[in-house]
Structure formats: C-alpha cells, structure tokens
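Q: Quick one: structure below, then a few questions.
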Amino acid sequence: MRRSRLTAYVTSLLLATGLALTGAATAQASPTAATGGYVALGDSYSSGVGAGSYISSSGGCDRSTKAYPYLWNAAHSPSSFAFNACSGATTDDVLAGQLGSLNSSTALVSITIGGNDAGFSNVMTTCVLSSDSTCLSKINSAKAYVDSTLPGKLDAVYNAISAKAPSARVVVLGYPRFYLLGQTCLGLSDTKRSAINGAADYIDAAVQKRALDHDFVYGDVRTPFSSHEICSGDSWLHSVNWLDIGESYHPTAAGQSGGYLPVLTTNAS
C-alpha cells in the first residue's frame, strides 16, 4: 500500500485529533518452483512494510528481509531471485517498473496488487478521522472502483506476466481482514470495523476472480490471519504505529512469516 500518502494524511490529521487505536511457520520444500527463478512483484504487502529490517538499497520501496518473498527465497534457494515489490505500487507501477526480471526461465511469480488502485490509504484515513457515514461512503466509492475499473487493471498486469514468463507458476495473494470483531477495542466504531473487513473481502473476491480466470493460483491469507487481526490478543497487523505512521495497517514480521509465507509455500508447487 502507499506509505507516503498514509504518512501525510495520518500524521498531520491523526496527531491533531489525538485519536488512538488499539493496537512463524517453517517453509516446506518446493522443489518444482526452486528449479527455476523466483520473481516477487507487488505492493507493500509483498515488499514487507511493517515488518522492519528494510534493505537500505531498496530506498522508498521498503523491501524487508522479513517479508515473505525474502523468507521463501532463503528457505528454497531458487536458481535466481528478483525482489521487485515496492511500497505504494499500483497496477500501473508494476507494468512500468517491476516486470523486467521475468523471462522464460522464471518458474515462480508472487504478487499482491490492487489495494492502492482502490484507494487503501484514503479509505483508512477517512475512516480513522471521519464519521461512520463518511467512512461508509468512502468504502462504497472504493467498491465501485473495484467493480468498474480494477478488473481491467488486473488483466493488464496478469497478461503481461504471462507474456513475459509463460512457464511460471503465478501465485496471486490477497489481503487480510483488518479487525477481529466482537471485541472490546478502543478506536474505530464497530460499524467502521465491519465495513472495512467487508471491503477487504470485496477486493479479495475481485482479485481472486481475475487470477483464476488467467489460470493463476490464488492464495487466500484471511484464514491464517484469523484471530490475529487488530483487536485480537496477538495481532499480526499494525494499527496506528506512532513510531512509523507509514507502517500502519500493514502486517508485522509475524504476519509475514505466519500469514503470508505459509500461503505462498502451500501454493508454490
């Protein structure tokens, strides 16, 4: 997701209001995928924003050594590894700058994409700072975009991946729900939390449909994140992170290793 936009909105507005919110799996061998190269594409959920231990050379892309692509590479030693995912990436960014490592020898591709296209940061900023009705209106606008525009954007990315890496197994990973509902939890109202979870389900359904229509594999991360959402006793997602606002609403290192990594590992071969 887009850290810069979230940082700008939430730092300036959230601090002004004084609002406060509440706050590993071992990879198994995947010899089929490991016989060729692995390319990791996508947004901040794949680059590892929120997991810490960022690779200095990745600059604003904030690629983490604790992100699931890096962990999978370390466990499986594919013939080559290109970690191209970048914080803030949209489908257009993937097309413009992340596909250069794909080729006929690429055996595995992973990707999370679509959240920034649908306005993730703006939705969360609005829901944190505004009324229930304004939050729901923003979510409905995002859903309308998911219906009208996102499928074509995803198709363009998926077609390009297939063209450049025709032999690759492509694993498209979804997004977790943010909140464990039914808990006593400071911050957003139950109405907002429920609507935000519904929005995650909505975009996941759209991403899954496009992935399957392209004969890609879809990896659903909502099950491993279950009981590890914000408002749980063991959250794998940051709420508002006061030390680094840009990490807010992103998986922690535990979310990468315990949530995303097992799903990629299961679906990589």
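Those letters in the sequence shown? Residues -29 to -1, 1 to 240, by mature numbering (1 follows the signal peptide of the UniProt record, and there is no 0). Note that beta-carbon positions come from the ideal geometry of N, C-alpha and C, so glycine has one too.
Between which two residues does the beta strand (DSSP E) containing F52 stretch?
A: Its beta strand (DSSP E) spans residues F52 to F54.
Q: Mind checking K163: buried by the 16 CB within 10 Å criterion, or exposed?
A: Result: buried.
Q: Which residue's Cα is closest to the Cα of W43: D14, G8 and G31?
A: Per the Cα distances, G8.
Q: According to DSSP, what are the bridge partners of R140?
A: In DSSP, R140 forms a bridge with L79.
Q: Out of F54, S198, N212 and T83, which has the shortest C-alpha to C-alpha gap to V178?
A: The candidate whose alpha carbon is nearest that of V178 is T83.
Q: Please go through the same chain and pick out, in chain order, the residues whose beta-carbon is closer than 8 Å to the beta-carbon of A(-10), but skip the five residues on each side of it.
A: Bear in mind that the predicted position of A(-10) carries a pLDDT of just 32, short of 50, making it too unreliable to give a figure here.
Q: Going by C-alpha to C-alpha distance, which of L66, D205 and T36 sits closest to A127?
A: Residue L66 is the option with its Cα nearest to A127.
Q: Across which residues does DSSP place P222 in a beta bridge pair?
A: BP columns for P222 point to L208.
Q: From A22, D14, A11 and L235, pick the residue whose C-alpha is nearest to that of S206; which is it?
A: Here the closest residue by C-alpha is A22.
Q: Beta carbon of I174, beta carbon of A89: below 8 Å?
A: Cβ distance < 8 Å, so I174 and A89 count as in contact.
Q: If you reduce the DSSP assignment to three classes, tell me which class A60 lands in.
A: Residue state, collapsed to three classes: coil.
Q: By DSSP's criteria, V188 is part of a beta bridge. Which residues make up the other side?
A: DSSP lists V142 as partners of V188.
Q: Going by DSSP, name the residue or residues bridged to I201.
A: Beta-bridge pairing links I201 to Y150.
Q: DSSP puts L157 in a beta bridge; with which residues?
A: BP columns for L157 are empty, so no partner.
Q: For L232, which of helix, strand or coil comes out of DSSP?
A: Correct three-state label for L232: helix.
Q: Please state whether the Cβ-Cβ distance between A171 and P195 is less than 8 Å.
A: No, these two residues do not count as a Cβ contact at 8 Å.
Q: Can you tell which of S92, A53, T223 and S133 has the C-alpha that lies nearest to the C-alpha of S75?
A: Answer by Cα proximity: S133.
Q: With H, G and I counted as helix, E and B as strand and the rest as coil, what does DSSP make of S101?
A: S101 falls in the coil class under three-state DSSP.
Q: Among K124, N238, A139 and Y220, which has the Cα closest to the Cα of D64?
A: The candidate whose alpha carbon is nearest that of D64 is K124.
Q: Between T61, Y231, D161 and N168, which has its C-alpha nearest N111's C-alpha?
A: Selected option, being the one with the closest Cα: N168.
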